[in-house]
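**Student:** Sending over a structure as structure tokens; questions will come in a sec.
Below you can see the structure in the form of structure tokens.
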């Protein structure tokens, strides 16, 4: 399952969707809205996406993971719109026969997602300012 | 939360228990009863534990993880008794500020659990035989 | 040739538009999009060199040729997750 | 000295008991438990050298001294998870 959604992420349903009698291991990763970045305080995040391309890139990532590890099932859901502190922005579940594979595939998927999938977040800082997060860009 | 239980593991409650506004990442690991080991077919597993020592060792593992990574919350639940194919035998959730820490701490905890926590599983093979699993012992 | 370009995140905010039409030379390549955006939106200058450009749903490089009707998008480095 | 020892998993099955009382020399150490188990339960022989021994909730080694009333357990390598 690959999904972009404005709704709260049901990670329980996502996890159930990857369980299998062929799997000995399931790894679920959740990204959640953290309050502190250094000494700056976040009050909310807004996520935007180029949805058509983001879904295509997520499908590519799934194919890459399946080529590298004996993945049984994988599911990735990314939330868009306005998120409050503690909300889940991304959930990613993967099942494999053995545990090392599940950890490696899960970490690969989230690491790659953060580099190649066209989704952006805008910080809403506690001082009332907002700021798009664009790694490597200093403006 | 550290728990040994004969009941079905509620990994949703476990995951919720580690979520925090201080965390940017949650990793949940599930161990599930896999049907095939090589060409042998499992129909069920029975788990037994030296419960008093197992709980003490799990608490030690939590302390070790907290010493190595900036863990916010951690929870480990291991099921005992008779498990069918696909059932969850262990669930382990950890939250940290950043994702790499959560993957590393999660993998450390499950890797160590499998070496030091006095819990044993007995295979119920499809040919009707049963066999305790004792790594490194050939009898 | 005229090319419609979608903009996202800070690029969209700086341009004040989520979609712009650009006049490009014939047989234009992705590098020409960068040049046209720089000219039309001077306020986008600090972003121009780091803008990512996609054609269809694939990342393109400055040499990638463009054709009329292609789905072109420009955006700064991603930060999902 | 008499020491009660808990047995688990295959060690329990081979002994046919989850708890056995062993007669050990005075000032016995963990190594003496291994010797006593081997004598009393010859069928446990293939497991003896790989048995793990705990005192309280800590793993012990063959030199660990025992005292009357200690919580001693013997079991083969673990396989949880």
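Residue numbers (the working numbering), protein chains in the order written: chain E, 1 to 139; chain L, 1001 to 1139; chain X, 2001 to 2081; chain W, 3001 to 3081.
Ideal placement from N, C-alpha and C gives every residue a C-beta, glycine not left out.
Keep in mind it's a predicted model, so treat the numbers as computed, not measured.
Identify every residue that forms a DSSP beta bridge with residue 124 of chain E.
**Tutor:** According to DSSP, which records beta bridges pairwise, residue 124 of chain E is partnered with E:44 and E:130.
**Student:** Checking 9 Å against the spacing of the C-beta atoms, do residue 1021 of chain L and residue 86 of chain E come in under that value?
**Tutor:** It is a contact, given that the beta carbons lie within the stated cut-off.
**Student:** On a Cα-Cα basis, can you pick out the residue from L:1136, L:1125 and L:1135 that is closest to residue 1035 of chain L?
**Tutor:** Among L:1136, L:1125 and L:1135, the Cα nearest to that of residue 1035 of chain L belongs to L:1125.
**Student:** If the cut is a Cβ gap below 9 Å, which residues of chain L does residue 36 of chain E touch?
**Tutor:** In chain order: 1021, 1022 and 1097.
**Student:** Once you ignore the five residues that flank residue 1075 of chain L on each side, which residues in its own chain have a CB closer than 6 Å to its CB?
**Tutor:** Excluding positions up to five away in sequence, the list reads 1001, 1014, 1017, 1018 and 1093.
**Student:** Quick one: which residues of the stretch 94–124 of chain E get their C-beta closer than 8 Å to a C-beta of chain X? List them in chain order.
**Tutor:** Listed in sequence order: 110, 113, 114, 115, 116, 117, 118, 119, 120, 121 and 122.
**Student:** For the stretch 2031–2043 of chain X, enumerate the residues whose C-beta is nearer than 8 Å to any C-beta of chain E, in chain order.
**Tutor:** So nothing in the stretch comes that close.
**Student:** Name the DSSP bridge partner or partners of residue 98 of chain E?
**Tutor:** Looking at the DSSP assignment, residue 98 of chain E forms no beta bridge with any residue, so it has no partner.
**Student:** Identify every residue that forms a DSSP beta bridge with residue 1093 of chain L.
**Tutor:** Its beta-bridge partners are L:1028 and L:1075.
**Student:** Does any CB atom of chain E fall closer than 9 Å to the CB of residue 2063 of chain X?
**Tutor:** No, residue 2063 of chain X lies away from the interface with chain E (no Cβ there is under 9 Å from its Cβ).
**Student:** Output, in chain order, the set of chain E residues within a Cβ distance shorter than 9 Å of residue 1077 of chain L.
**Tutor:** The premise fails here: residue 1077 of chain L is roughly 14 Å from chain E at the closest Cβ pair, so nothing lies under 9 Å.
**Student:** Starting from residue 2003 of chain X, trace the alpha helix (DSSP H) both ways and give me its first and last residue.
**Tutor:** Premise fails: residue 2003 of chain X lies in the beta strand (DSSP E), 2002–2007, not in any alpha helix (DSSP H).
**Student:** How many whole angstroms separate the CB atoms of residue 2034 of chain X and residue 2045 of chain X, which I take to be in contact at a CB cut-off of 8 Å?
**Tutor:** Contact doesn't hold; Cβ gap of about 11 Å is too wide.
**Student:** Please specify which runs of the alpha helix (DSSP H), each continuous and at least 4 residues long, are wholly inside the stretch 2027–2076 of chain X, giving them in chain order.
**Tutor:** Complete alpha helix (DSSP H) runs here, min 4: 2030–2040 and 2045–2048.
**Student:** If I follow the unbroken alpha helix (DSSP H) through residue 1019 of chain L, where does it start and stop?
**Tutor:** Segment: none, residue 1019 of chain L is in no alpha helix (DSSP H) and carries neither H nor E.
**Student:** On a CA-only basis, which of L:1061, L:1024 and L:1084 is nearest residue 1107 of chain L? Give me that one, please.
**Tutor:** Here the closest residue by C-alpha is L:1061.
**Student:** Do residue 120 of chain E and residue 48 of chain E have their beta-carbon atoms positioned less than 9 Å apart in this structure?
**Tutor:** Taking 9 Å as the Cβ cut-off, residue 48 of chain E and residue 120 of chain E qualify as a contacting pair.
**Student:** Kindly list, in the order they appear in chain E, the residues whose Cβ is closer than 9 Å to that of residue 991 of chain L.
**Tutor:** Since the first and last residues shown for chain L are 1001 and 1139, residue 991 of chain L lies out of range.
**Student:** Considering just the uninterrupted stretch of the alpha helix (DSSP H) at residue 61 of chain E, what are its terminal residues?
**Tutor:** Run containing residue 61 of chain E: 51–68, per the alpha helix (DSSP H) assignment.
**Student:** Name, please, each residue of chain L whose Cβ falls closer than 9 Å to the Cβ of residue 85 of chain E.
**Tutor:** Within 9 Å Cβ-Cβ: 1021.
**Student:** Could you say if the stretch 2058–2073 of chain X and the stretch 2004–2022 of chain X meet the contact criterion of at least three C-beta pairs nearer than 8 Å?
**Tutor:** The stretch 2058–2073 of chain X, when compared against the stretch 2004–2022 of chain X, does touch it at the 8 Å Cβ threshold.
**Student:** Going by DSSP in three states, residue 119 of chain E sits in which element: helix, strand or coil?
**Tutor:** Looking at residue 119 of chain E - three-state DSSP - the assignment turns out to be strand.
**Student:** Compare the C-beta of residue 138 of chain E against all C-beta atoms of chain X and say whether one is closer than 9 Å.
**Tutor:** Chain X contact via Cβ: present.
**Student:** Leaving out five residues before and five after residue 2047 of chain X in sequence, what residues of the same chain have Cβ atoms less than 8 Å from its Cβ?
**Tutor:** 2010, 2011, 2014 and 2076.
**Student:** Which bits of chain E does residue 2073 of chain X rub up against, with CB to CB less than 8 Å?
**Tutor:** Those within 8 Å of residue 2073 of chain X in chain E are 50, 53 and 118.
**Student:** Return the CA-CA distance between residue 3031 of chain W and residue 1090 of chain L, expressed in angstroms with no decimal places.
**Tutor:** Between residue 3031 of chain W and residue 1090 of chain L, the C-alpha separation is close to 33 Å.
**Student:** What residue does the beta strand (DSSP E) around residue 1034 of chain L start on, and which one ends it?
**Tutor:** It is not in any beta strand (DSSP E) - residue 1034 of chain L carries neither H nor E in the DSSP assignment.
**Student:** Mind pulling the chain W residues with CB within less than 9 Å of residue 1056 of chain L?
**Tutor:** Per Cβ cutoff of 9 Å: 3056, 3057 and 3058.
**Student:** My assumption, with CB atoms under 8 Å, is that residue 1033 of chain L sits in contact with residue 1083 of chain L. Please give the rounded CB distance.
**Tutor:** Right, their Cβ atoms sit about 5 Å apart.
**Student:** Skipping 5 residues on each side, what residues in its chain have a beta carbon closer than 8 Å to that of residue 65 of chain E?
**Tutor:** So the list reads 71, 74, 94, 105, 108 and 109, once near-sequence residues are dropped.
**Student:** Distance check for residue 2052 of chain X and residue 1010 of chain L, CA to CA, integer angstroms please.
**Tutor:** If you take the alpha carbons of residue 1010 of chain L and residue 2052 of chain X, they lie about 43 Å apart.
**Student:** Closer than 8 Å by beta-carbon distance: list the chain X residues that pair up with residue 133 of chain E, in chain order.
**Tutor:** Within 8 Å Cβ-Cβ: 2079.
**Student:** Compare the beta carbon distance of residue 30 of chain E and residue 1029 of chain L with 9 Å and say whether it is the shorter of the two.
**Tutor:** It is not a contact, given that the beta carbons lie outside the stated cut-off.
**Student:** Is the separation between the beta-carbon of residue 114 of chain E and that of residue 2020 of chain X shorter than 9 Å?
**Tutor:** The answer is no: Cβ separation not under 9 Å.
**Student:** Among E:37, E:78 and E:127, which residue has its Cα nearest to the Cα of residue 51 of chain E?
**Tutor:** Checked all of E:37, E:78 and E:127; the closest Cα to residue 51 of chain E is E:78.
**Student:** When the Cα atoms are used, what is the spatial distance from residue 1023 of chain L to residue 1097 of chain L?
**Tutor:** Answer to the nearest angstrom: the Cα atoms are 4 Å apart.
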